[in-house]
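The opening residue of the sequence shown carries number 16 in our numbering; numbering runs sequentially from there.
Here's the structure we're looking at; comments come further down.
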Amino acid sequence: MSIESPAIDRDAVRIADALLGSPHIVAADAELGEDTVRFTTVTGLNGTLTLLDAEPTDDDLLPGPVLTESLAAAILNAPHFVVATPDSPREDTITIQTRGGVRHLLVLGLGSNASGEQAPDTPAAAVAAAAEQLLISDPSDAERATAELLNYVAGTWNRQDLPMRQHAQAVARSLRTR
């Protein structure tokens, strides 16, 4: 049974767009008003996803994604991984496989910062915190310039492209390990 909903007009196209963001998919499309998404994988496999009505449930809808599923999706969207299965074999695990065929079991651990310090809430906050650390004790001109650049990137985080964000995070990580 196909979905009878105005959301189908957008959801099939949104799913196709999401698939195009994956390094494992080379083509994906859907037409407005259709309930089928067509896709092609990097290995040449052609497939379809058909949107159907979900089974009725008494469960409450989740207010947001489950953390292990979000982490697995992020890992799977990286070009180095071909498998990222959340909740396997337990709720707090993710099974992954690299493109080279190496498999790992990731076990999720959550808790407070062991040192008692408040951890930055966002990557931009982490970059700004690293800049602040540079300025604590008599910084050199190079350290002051680095801190200014990191603060600028953190302050304009939403306008920065992904490579700039990744570079700023790498600089911040290297400063924390000094």
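Virtual Cβ for every residue (Gly too), placed ideally from N, Cα, C.
Problem - Beta-carbon proximity check, residue 31 vs residue 45, cutoff 8 angstroms - result: yes
Exercise for the section: Measure the C-alpha to C-alpha separation of residue 124 and residue 69 and round it to an integer number of angstroms. Expected result: 32 angstroms
Problem - Secondary structure of residue 51, DSSP reduced to three states - result: strand
Problem - Short Cβ contact (8 angstroms threshold) for residue 186 with residue 169 - result: no
Problem - Beta-carbon gap between residue 108 and residue 96 smaller than 8 angstroms - result: no
Exercise for the section: Helix, strand or coil for residue 30, going by three-state DSSP, please let me know. Expected result: helix
Practice task
Taking only the alpha-carbon atoms, compute the straight-line gap between residue 16 and residue 26 and give it to the nearest angstrom.
Solution key: Below a pLDDT of 50, predicted positions are generally treated as unreliable, and residue 16, at 41, falls in that range; no measurement from the model is reported.
Handout entry: residue 168 in three-state terms, based on DSSP
Key = helix
Problem - As assigned by DSSP and simplified to three states, the class of residue 17 - result: Confidence in residue 17 is poor, its pLDDT being 45 and thus under 50, which makes the residue's placement too unreliable to answer from.
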